[in-house]
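Numbering (the numbering used here), first residue to last: -17 to 506. Where is the CB? At the ideal position from N, CA and C, for every residue including glycine. Since this is a predicted model, take the numbers as computed values, not measurements. Everything on this sheet refers to the single structure shown next.
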Amino acid sequence: MPKFFNVAGPCVSSKHYMLDPFRGIVDELMDLIDSEHYFVIHAARQSGKTTLLQELNRKINAEGKYYSLYCSLEAIQGIADPKDGIPAVVKKIKNCIEERGLPEGFARDADYDDIANVLKSTLVKYCRSLDKPLVIFFDEADCLSNGTLIAFLRQLREGYINRSDIPFVHSVALVGMRNIRDYKSLIRPNSETVGSASPFNIMKKSFSLRNFTQLEVAELYAQHTIETGQVFESQVVDYVFEQTQGQPWLVNAIACESAEKITKKDYLIPITKDMAEQAIQNLITKWGTHFDSMMERLKEPRVRNIIKPLILGEDIETSERSNDYLYARDLGLIRESNGRVEPANPIYANLMIRTLNWDALKSIERGYENYTIPRYLKDGKIDMNFLIKDFQTYWRENSEIWVKRYKTNLYEYDEAAAHLVIQAFLQRIVNSGGQIIREMALGKKRADLCVVYEGHKYPIELKILQNIRDRSKSLDQISQYMDKVGSDTGWLVIFDRDTEKSWDEKVYMREEVVDGKKITVAGC
């Protein structure tokens, strides 16, 4: 059977197209293990952590210097009470030892009632019986619920600090989405620092797996070409990297969708940029578990503290070294690029908005059944003034309802309601074959959108009015954005939150000319 692009579970080199999981880090990992260190490997979901661990586990066992155990704790998720959680961890280790053929004897006489010591004591007894040091990779370690996780970490720490007198695990890696500061915050919930993880201060280093580079995307896709003869046209790699920023699952999923679904495994058909664009839209429409797990995080208060100002283009109220900020970054939702903080990639930016404005979109579709895209078309182009006038009417009639809904629903993005609802209004264009390009970043004081339909571009800037000077500054900003996308016509939509003003004062539409470019300013 030929190899294929893997989008479910860890990669196996004999079955899947894959890059070297050790690229650039194997020597450092082995140095840590040889030096008896405990360490953390953290990265966003489906970014190659398990593939790396399983390959490293095989490598270590094959070399024969250590016994190496890969143990996933995912099945123990949700067991909050340590009296149930710690015995479950011990039994999981025992099961993994038996399945992987390591020496027998682990937890043979385990006292599961002694939850404060049973994990440590069973590991001590087992390590004493072995003829070689033991290395353990605990995958999905951060799936453990707080009480179980704290008890788990404390027993590892106790075993670690007494290793000079009592046998214990030679080296441990805790692997998941969380960095060490999040383990620390569970043990010391009142601590605001992100330095030493005391009392769990035994971690030597924390690794974060990086995304693919553009060259690595090309290398991965070239493996398929060598295997099948099917060519990815030159623009595909550039486009896929731009849309994914090298996120491994997305890179694989786009290629898989293109090769298996769009070209139907007819390898004589080259994969084009248009096919890659269609693949992305297909993936979003299917909305699989990868997207579900990522977007579910938007409900978490600490993620909302970062994503809400990101949507609005505002500054965050906390430091970019804060736990909330670093947590959102570690989850793979945001990234730092050229001094700006923005969504991790355009696909996730799209998904964030679509997740948060889904109810608004469905409500608009039901209430505006006659306001389909043909209503806004004139000579094959969108009459954007007409569309925005319709939105002004809708927002005037429904703004209070939507602000209230966003304040009380599971997401609580009420301050971003205006931005979310207008993008739901525009989303119908995408559903009719168009595209919305979103540019969001912290501190921009605005959000830039470019609607693309039938080859025509319609740049739009969304702005929350703060003061009267915002208008002139925003005109310059939208003018610059128009230059960027290559359009001499643009739209500036200003939302005025002043409750003392009447709607007649807030709602208007007028034209301005800046550097020879026509800008329609619409008040809401």
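- Around the C-beta of Pro291, 16 or more other C-beta atoms lie within 10 Å, and the residue is accordingly described as buried.
- Counting along the chain, Gln137 sits inside no beta strand (DSSP E); it lies in the alpha helix (DSSP H) bounded by residues Asn128 to Ile143.
- Leaving aside the five residues that flank Gln225 on each side, the residues in its chain whose CB is nearer than 7 Å to its CB run, in chain order, Ile262, Asn327, Pro328 and Ile329.
- Going by DSSP, Arg420 is part of the beta strand (DSSP E) stretching over Gln417 to Glu421.
- The beta carbons of Val475 and Ile442 sit closer together than 8 Å.
- Partner residues in the beta bridge of Leu156, as assigned by DSSP, are Val22 and Phe120.
- When DSSP states are grouped into helix, strand and coil, Met491 belongs to the strand group.
- For Phe477, the enclosing beta strand (DSSP E) covers residues Thr471 to Phe477.
- In this structure, Arg27 is the residue among Lys360, Lys74 and Arg27 with its C-alpha nearest to the C-alpha of His272.
- Remark: fewer than three beta-carbon pairs, one from each stretch, lie closer than 8 Å, so the stretch 246 to 265 and the stretch 276 to 286 are not flagged as touching.
- Taking a cut-off of 8 Å for Cβ pairs, the stretch 7 to 27 and the stretch 201 to 221 do not touch, as fewer than three such pairs fall below it.
- Leu392 carries a coil assignment under DSSP once its states are collapsed to helix, strand and coil.
- In the structure shown, Lys386 falls within a helical segment according to DSSP collapsed to helix, strand and coil.
- C-alpha of Leu369 to C-alpha of Lys455: approximately 25 Å in a straight line.
- Measuring C-alpha to C-alpha distances from Asp341 to each of Trp384, Trp231, Asp361 and Tyr358 identifies Trp384 as the nearest.
- Two segments are said to touch when three or more pairs of C-beta atoms, one from each, lie closer than 8 Å; by this definition the stretch 185 to 195 touches the stretch 224 to 242.
- Per the C-alpha coordinates, the member of Val489, Pro69, Ala400 and Glu394 positioned closest to Ile446 is Ala400.
- Ranking Leu34, Gly425 and Tyr440 by CA distance to the CA of Ser(-5) puts Leu34 first.
- Nearest to Cys506 by C-alpha distance, out of Asp497, Gly498, Arg479 and Glu494, is Arg479.
- Between the stretch 306 to 316 and the stretch 371 to 391 there are fewer than three C-beta pairs closer than 8 Å, too few to call the two in contact.
- Nearest neighbour of Asp91 by Cα position, chosen from Val222, Leu84, Tyr108 and Arg420, turns out to be Tyr108.
- Cβ-Cβ distances below 6 Å link Glu198 to Leu1 in the same chain, with the five nearest sequence neighbours on each side left out; the list follows chain order.
- The DSSP assignment places complete alpha helix (DSSP H) segments of no fewer than 4 residues inside the stretch 178 to 257 at 196 to 210, 216 to 226 and 230 to 238, in order along the chain.
- Contact check for Leu51 and Leu135: beta-carbon distance about 18 Å, past the 8 Å limit, so the pair fails to qualify.
- The closest CA to that of Ala310, considering only Gly46, Glu296 and Ile288, is found on Ile288.
- Cβ atoms of Tyr20 and Ser153 come within 8 Å of each other, at about 7 Å.
- Collapsing the DSSP output to three states places Pro(-8) in coil.
- Annotation: Phe120 to Asn234 spans about 26 Å, alpha carbon to alpha carbon.
- Between the stretch 401 to 412 and the stretch 332 to 341, the count of Cβ pairs shorter than 8 Å is three or higher; the stretches touch.
- Between the alpha carbons of Ser381 and Ala123 lies a distance of about 43 Å.
- The C-alpha of Pro(-8) is placed about 28 Å away from the C-alpha of Lys114.
- Excluding its 5 nearest sequence neighbours in each direction, Ser461 has C-beta neighbours in its own chain below 8 Å: Gly472, Val496, Asp497, Lys499 and Ile501, listed in chain order.
- With contacts defined by Cβ atoms closer than 8 Å, Arg322 and Ala429 do not form a contacting pair.
- Boundaries around Arg322 are those of the beta strand (DSSP E), Arg322 to Pro325, since no alpha helix (DSSP H) includes it.
- In the DSSP assignment, Asp430 is bridged to Glu421 and Glu443.
- Between Glu239 and Leu265, the C-beta spacing is below 8 Å.
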